[in-house]
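S.K.:
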Amino acid sequence: MTDVTRLTLAQARDALQAKTLSAVELTQAHLDAMAKARGLNAYVLETPDQALAMAAVSDARIASGTAGPLEGLPLGVKDLYATKGVHTQACSHILDGFKPDYESTVTSHLWRDGAVMLGKLNMDEFAMGSSNETSFFGPVASPWLPPHRDGAWAREALAGDKKGLLVPGGSSGGSASAVAAHLCLGATASDTGGSIRQPAAFTGTVGIKPTYGRCSRWGMVAFASSLDQAGPIARTVRDCAIMLRSMAGHDAKDATCIDAPVPDYEASIGRSIKGKKIGIPKEYRIEGMPAEIEKLWADGVAFLKAAGAEIVDISLPHTKTALPAYYIVAPAEASSNLARYDGVRYGLRVPGKDISAMYENTRRAGFGPEVRRRIMIGAYVLSAGYYDAYYVRAQKIRTLIKQDFEKAYAQGVDAILTPATPSAAFGIGEKGSTDPVEMYLNDVFTVTVNMAGLPGIAVPAGLSADGLPLGLQLIGRPFDEETLFSVASVIEESAGRVALPQPWW
Amino acid sequence: MNAPANASKLIKGATGDWEIVVGMEIHAQVSSHSKLFSGASTEFGGEPNSHVSLVDAAMPGMLPVINEECVKQAVRTGIGLKAQINHRSTFDRKNYFYPDLPQGYQISQYKSPIVGEGEVIVDVTASEQIVVGIERLHLEQDAGKSLHDQSPTESFVDLNRSGVALMEIVSKPDIRSAEEARAYVTKLRTILRYLGTCDGNMEQGSLRADVNVSVRRPGEPLGTRCEIKNVNSIRFIGQAVDVEARRQIGILEDGGKIDQETRLFDPARGETRSMRSKEEAHDYRYFPDPDLLPLEFDETFVEELARHLPELPDAKKARFMRDYGIASYDAGVLVMERASADFYEAVAKGRDAKAAANWVINELFGRLNKEGLDIASSPVGADQLGAIVDLISEGVISGKIAKDLFEIVWTEGGDPRALVETRGMKQVTDTGAIEAAVDAIIAANPDKVAQAQAKPTMLGWFVGQVMKETGGKANPQSVNELLKRKLGI
Chain A
16 MTDVTRLTLA QARDALQAKT LSAVELTQAH LDAMAKARGL NAYVLETPDQ ALAMAAVSDA
76 RIASGTAGPL EGLPLGVKDL YATKGVHTQA CSHILDGFKP DYESTVTSHL WRDGAVMLGK
136 LNMDEFAMGS SNETSFFGPV ASPWLPPHRD GAWAREALAG DKKGLLVPGG SSGGSASAVA
196 AHLCLGATAS DTGGSIRQPA AFTGTVGIKP TYGRCSRWGM VAFASSLDQA GPIARTVRDC
256 AIMLRSMAGH DAKDATCIDA PVPDYEASIG RSIKGKKIGI PKEYRIEGMP AEIEKLWADG
316 VAFLKAAGAE IVDISLPHTK TALPAYYIVA PAEASSNLAR YDGVRYGLRV PGKDISAMYE
376 NTRRAGFGPE VRRRIMIGAY VLSAGYYDAY YVRAQKIRTL IKQDFEKAYA QGVDAILTPA
436 TPSAAFGIGE KGSTDPVEMY LNDVFTVTVN MAGLPGIAVP AGLSADGLPL GLQLIGRPFD
496 EETLFSVASV IEESAGRVAL PQPWW
Chain B
5 MNAPANASKL IKGATGDWEI VVGMEIHAQV SSHSKLFSGA STEFGGEPNS HVSLVDAAMP
65 GMLPVINEEC VKQAVRTGIG LKAQINHRST FDRKNYFYPD LPQGYQISQY KSPIVGEGEV
125 IVDVTASEQI VVGIERLHLE QDAGKSLHDQ SPTESFVDLN RSGVALMEIV SKPDIRSAEE
185 ARAYVTKLRT ILRYLGTCDG NMEQGSLRAD VNVSVRRPGE PLGTRCEIKN VNSIRFIGQA
245 VDVEARRQIG ILEDGGKIDQ ETRLFDPARG ETRSMRSKEE AHDYRYFPDP DLLPLEFDET
305 FVEELARHLP ELPDAKKARF MRDYGIASYD AGVLVMERAS ADFYEAVAKG RDAKAAANWV
365 INELFGRLNK EGLDIASSPV GADQLGAIVD LISEGVISGK IAKDLFEIVW TEGGDPRALV
425 ETRGMKQVTD TGAIEAAVDA IIAANPDKVA QAQAKPTMLG WFVGQVMKET GGKANPQSVN
485 ELLKRKLGI
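Here the protein sequences come in this chain order: A and B.
The numbering of the first sequence is our numbering, which starts it at 16 and goes up by one.
The numbering of the second sequence is our numbering, which starts it at 5 and goes up by one.
(1) Ala169/B bridges to which residues according to DSSP?
(2) Report yes or no: is there a C-beta of chain A within less than 8 angstroms of the C-beta of Tyr114/B?
(3) Pair every Cβ in the segment 283 to 292 of chain B with every Cβ in the segment 92 to 103 of chain B, then say whether three or more of these pairs are closer than 8 angstroms.
(4) Measure the alpha-carbon distance for Ile262/B versus Gly223/B and round it to whole angstroms.
(5) DSSP three-state label for Leu296/B, please.
(6) Taking DSSP as the reference, what is the three-state secondary structure of Trp22/B?
(7) What does Met536/A reach in chain B if we use C-beta pairs closer than 7 angstroms?
(8) Check whether the segment 420 to 437 of chain A and the segment 370 to 387 of chain A are in contact - that is, three or more C-beta pairs closer than 8 angstroms.
(9) Thinking C-alpha only, which one of Pro383/B, Glu72/B, Val442/B is nearest Gly417/B?
(10) For Glu139/B, which residues from the same chain have a beta carbon less than 6 angstroms from its beta carbon, with the 5 sequence-adjacent residues on both sides left out?
(11) Is it the case that the Cβ atoms of Val59/A and Leu173/A are separated by a distance below 8 angstroms?
(12) Measuring only the C-alpha atoms, how far is Gly209/B from Asn236/B?
(13) Helix, strand or coil: which one does DSSP assign to His31/B?
(14) Our contact map puts Phe152/A next to Gly362/A with C-beta atoms below 8 angstroms; I'd like the distance itself, whole angstroms only.
(15) Taking 8 angstroms as the CB-CB cut-off, is Val75/B touching chain A?
(16) With the cut-off set at 8 angstroms, would you say Gly399/B and Gln431/B are in Cβ contact?
(17) Quick one: what's Ile134/B bridged to in DSSP?
(18) Just to confirm my understanding: we take Gly322/A, look at its own chain, exclude 5 residues before and 5 after, and list those with CB closer than 6 angstroms. What are they?
(19) Can you tell me whether DSSP reads Ala57/A as helix, strand or coil?
(20) Give a yes or no on whether the minimum CB-CB distance between Ala335/B and chain A is below 8 angstroms.
(21) Please report the distance separating the alpha-carbon of Met5/B from that of Asp246/B.
(22) I'd like to know if Phe48/B contacts chain A, where contact means its C-beta is closer than 8 angstroms to some C-beta of that chain.
(23) Tell me whether Asp334/B, by its Cβ, gets closer than 7 angstroms to a heavy atom of the ligand HEM.
(24) For Pro115/A, would you say it is in contact with chain B, using Cβ-to-Cβ distances shorter than 8 angstroms as the test?
(25) Among Ser371/A, Glu497/A, Gly400/A, which residue has its Cα nearest to the Cα of Pro278/A?
(26) Return the residues of the segment 353 to 377 of chain A that lie within a Cβ-Cβ distance of less than 7 angstroms from chain B, sorted by chain order.
(27) Indicate whether Lys268/A and Leu67/B have their beta-carbon atoms separated by less than 8 angstroms.
(28) At a CB distance below 7 angstroms, what residues from the segment 288 to 319 of chain B approach chain A? Give them in sequence order.
(29) Comparing C-alpha positions only, which one of Val25/B, Tyr109/B, Gly492/B sits nearest to Gln457/B?
(30) In angstroms with no decimal places, state the Cα-to-Cα distance between Asn56/A and Asp94/A.
(31) Taking only beta carbons into account, state which residues of the segment 85 to 111 of chain B come closer than 7 angstroms to chain A, listed in chain order.
(32) Between the Cα of Thr203/A and those of Arg250/A, Glu307/A, Leu181/A, Arg170/A, spot the shortest distance and give me the residue it belongs to.
(33) Would Glu329/B be called buried (16 or more neighbouring beta carbons within 10 Å of its own) or exposed?
(34) By Cβ distance below 8 angstroms, which residues in the same chain neighbour Ala44/A in space, the five residues on each side in sequence not counted?
(35) At 4 residues or longer, what runs of the alpha helix (DSSP H) sit wholly inside the segment 61 to 124 of chain A?
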């Protein structure tokens, strides 16, 4: 029998509906694959019993003709989503042993529609990172082999400290790695500055960050509230469209979540993009950009032109200020959002001689170095005397960035094409150990989108000279995810689907 | 705030006069069924941690959603304070660590409050009225409660209050004495109770005051202030102002200077104590709460709320003065509580309104105060008191007998009209009986008769004697007339 984990989500759905495959079989195949892939460290918790029980229910629903849109489809869930009774720690030590007695809105939408939960996926601690190396549960390895390395070498590295293996990107590294390694059909992820799009680009998968407000944040462990947004990572544009339709929707429990109907995103796959105006922002042609990224971008332009789109040069003049402004706004919000982890009510508690000592001991032991750094930056930029110089200015920049995009869209631009990342995936332990900014630069093309609250999708568009996947990013108008799916599916089609690695692990 | 100092309010120090300057921040718990940002109950007195939602406990991933009823209550209060209502306001986070603050921040309105400037008209005494300016009113979350007396080694936390909506009402520094401070809070509480936006219950902590006190030489700029935190009774507010002003004057007269600090009032010892200095003040790192959108509404929303507001104390007082012809201070006393005002109106309806006011204020309120009762639990109802007033005006009983009758109704209840009959309390209007008493007294006191004829004011003595003789039941008018005729004056 063929390996059913190699099916796309859409193919699996159709097979289940055609009853040529059962949800239990499909789920078991994924559980088996997960068991063999533990070295990648993509999952921090596997939930086989729950998965098989959900799959059995799905089979019954399919049999009775009451199947939901995601009936029987096994998915992974980023550890940031609250899952009732199941490990939810945002991969931080400070949430030690935390099992919520509530379910996030986004995941409850997935279960409502019949999806099956395989387990919780690794991530950067509190979603702070671009390589999945800040997780309390250790780094995740990408299923992509490093250049000039074979499976035997990689298996040895996997058993050791993983140095030299490739990062899957972050913060949704577990999601991207699991999807690329066929350890689930799709995964929930979240994106505050690029945490869906960058790992998707690094692993040859597709990831969309929808417009801010499209998905409810209720039950997602908060990093930076004004930037955080849920989204899927999957192997095809269509699969992302199918997942997003279920994940999105109004939720009265999140004041920032909009009350607007969720379109049938899948219907926009394959829709003609003839006459669509695609903007190419000159400011994204950054200094020192590798030639292969330049070429990728040019290829993308050629694909879209060939499909009848009109290519226009645009300017987004405040792009350069986005990254520094982001690294003020996001840590500021994080420093406040993470204040609740104080050892008083749940999670880790390290005793001390008095309440202050307990706070200090708990937070010192519970947060990793990157989280501590961002809390300190955040507290600093909000403190009396620095607030105006940092936080207020960053918010002004944010407004200017938003206006840049508004002007482009006012000129009739339908979507904007940029590279997703400035390079292909790098090695575990390779970046950021001496200068954190080196790591932060990974987000240079993606943070603008969060700052402006816009939708952005990363889609594989080619390979690097070393044979590693590279992605392009499309940025859309607010709440126009449909255009992104249409245009992204053209790139996917034109570039040819990336051949994901065969298991070596 | 720089109006000429009122000499009668000044404090005499060893080196001359001092003026007290007070401004207040009142924390008033919003009357609402659920909390400001969660659906948990606000009921007082539940088992610890029985009214706590996931949001109140700051569980991971929880988000605040504004309770529209709390917004309406704040707007109603703003209208009652004759204040500017801001159609757009924002919520900020005030960050600090404390075990009873689960989020690690309080959601408050720092930059743009829902209500701006307004004013409160305060009757300080029967003859003195002041206007206290309102700086702003904003909505914010209450914290939980730390319990330190449950275990020798641990502190416990009760989150029932965590997230309950508070209105912080900030006054301008327009208050000049302890008496004014008390009168201001009393009036503010009256307004809130009329509006139904806060129950004003200080024992249960529904109304707490942070009192800012400074002193200065009359006419000089404002002195350095100290903030006395969380004073929880009107009496203590007055005491705290006095004690703190005297402390500051003492320091200044000794050549010292006042340090800006936060202090606590200890009613048992009658002193204020330093809690933390300005240097120890927290850096709250305020910033706009990204989980909440700006709070916006239009004028229609405000008008709709205004249309359904009850008659407020100032308007009611003006109406009482106009329609019932009663004095300003009396009207002020009557409108202090809505229930008292309603009671008065029931008594006054179709009767001598001034007499009704006297009976309600002097007899009824006096007695209620003495017994520590409120108007709702008065043993004498409005119809009963009305009947007593009727019996007087009809000449059936005298004022003196009426007080006895009131006493009977208070302790035993019953229909005053029937009681007068059954207990023989009716006035004697039978001139024959009165005349007999008059004659007897004239006959027995020839010397007084001579005196009265020389000095007619002596008549009072005779009236008294006759009343005594008739057990107070003689109609005073008949007695007067008879005596004048018989004495020839």
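Ideal Cβ positions, reconstructed from N, Cα and C, are used throughout, including at glycine.
Bear in mind that the values here come from a model prediction, so they are computed numbers and not experimental data.
M.R.: To lay it out plainly:
(1) Gln145/B
(2) no
(3) yes
(4) 19 angstroms
(5) coil
(6) strand
(7) Examination of residue 536/A is not possible in this model, given that chain A is present from 16 through 520 alone.
(8) no
(9) Pro383/B
(10) Val174, Lys176
(11) no
(12) 7 angstroms
(13) strand
(14) The Cβ separation is near 15 angstroms, so there is no contact.
(15) no
(16) yes
(17) Val126/B
(18) The amino acid occupying residue 322/A in the given sequence is Ala; Gly does not appear at that position. Closer than 6 angstroms at the Cβ level, and outside the excluded window around Ala322/A, lie Ile288, Val505.
(19) coil
(20) no
(21) With a pLDDT of only 47 at Met5/B, under 50, the local geometry of the prediction cannot be trusted, and no value is derived from it.
(22) no
(23) The ligand HEM is not among the ligands present in this structure, which contains no ligands whatsoever.
(24) yes
(25) Glu497/A
(26) Ala354, Arg355, Asp357, Val359, Arg360, Ile370, Tyr374
(27) yes
(28) Arg289, Phe291, Pro294, Asp295, Leu296, Leu297
(29) Gly492/B
(30) 13 angstroms
(31) Arg97, Asn99, Phe101, Pro103, Pro106, Gln107, Gly108, Tyr109
(32) Arg250/A
(33) Looking at the sequence shown, residue 329/B is not Glu but Gly. Exposed, because fewer than 16 other Cβ atoms sit within 10 Å of the Cβ of Gly329/B.
(34) Asp18, Val19, Thr20
(35) 63 to 79
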